[in-house]
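To start, the structure under review is shown below, and the notes come after it.
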Amino acid sequence: MVDSMKKVIELNADLNSDERNLLSVAYKNIVGSRRNGLRMIAAIIEHEEGRGNTARVEQLNTYKATILAELEKYCNELIGLVDTQLLPAAKTPEGRVFYEKLKADYYRYICESKPENEKTEPANKAKQCYENAMEIAKNEIPPSRPTSLGLILNYSVFLYEIIGQKQEAIELAQKTYNDCSTTVDDNSDNSYSEATMILQLLRDNVSLWTQDAEQAE
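Position 30 (the sequence shown) corresponds to 30 in UniProt numbering; numbering is contiguous.
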């Protein structure tokens, strides 16, 4: 599917909404499987370390490095496509926000499995891309549109999970939920269900994060 989308981009890099979503799904499939694999390997490594099985841990770390290299390869490949072809060709605010958010998400995925001393560069790049997207959305897209809501959802996850700005993440998600709950009905039938689903995810995250904060006190 990735190769097919690359051919589409070669013909015309100004993708419509459906084509953008297909591109996102294509890379999500290959990167998502590796993100899941890294989580599983991390859990197994922790278990084997507890058993003192150093030989097994060494094998697993080698395998982990291979998967991480593949993940970074595909993330950087997509980021490169966005930078060199897709973003320059994007003619609409929705398209520009989509691509800035996409870049930010894939920098975030790179961060997830990096040791702390290697997270700074991709985290800074992710933050910049999220902020670029936020600026475009703030000026040109209604806040209750799925594009804007999805951006806030992912940016708040980045703040909470990657750079540890937990209170800021909670406040951003809560404010967005409060502000947009009353205007979500302004969406068309096609986007209403998507917008309400994202609002629910924002509310779920606020509940979970608030509970975690209370338990940590």
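Note that beta-carbon positions come from the ideal geometry of N, C-alpha and C, so glycine has one too.
Residue environment for residue 184: buried (at least 16 other C-beta atoms within 10 angstroms of its C-beta).
Between the C-alpha atoms of residue 16 and residue 199 there is a straight-line separation of about 25 Å. Counting along the chain, the unbroken alpha helix (DSSP H) around residue 207 starts and ends at 189-216. DSSP places residue 33 within a helical segment (H, G or I) once states are collapsed to three.
Comparing C-alpha distances from residue 74 to each of 132, 44, 106 shows the shortest one belongs to 106. Distance from the Cα of residue 124 is smallest, within the candidate group 139, 8, 4, 162, for 162. With 16 or more other Cβ atoms from the protein chains shown falling within 10 Å of its own Cβ, residue 95 counts as buried. By alpha-carbon distance to residue 42, the top candidate from 67, 26, 144, 30 is 67. Exposure of residue 40 is indicated by the presence of fewer than 16 other C-beta atoms within 10 angstroms of its C-beta. Burial is judged here by how many other beta carbons sit within 10 angstroms of a residue's own beta carbon; residue 88 has fewer than 16 and is exposed.
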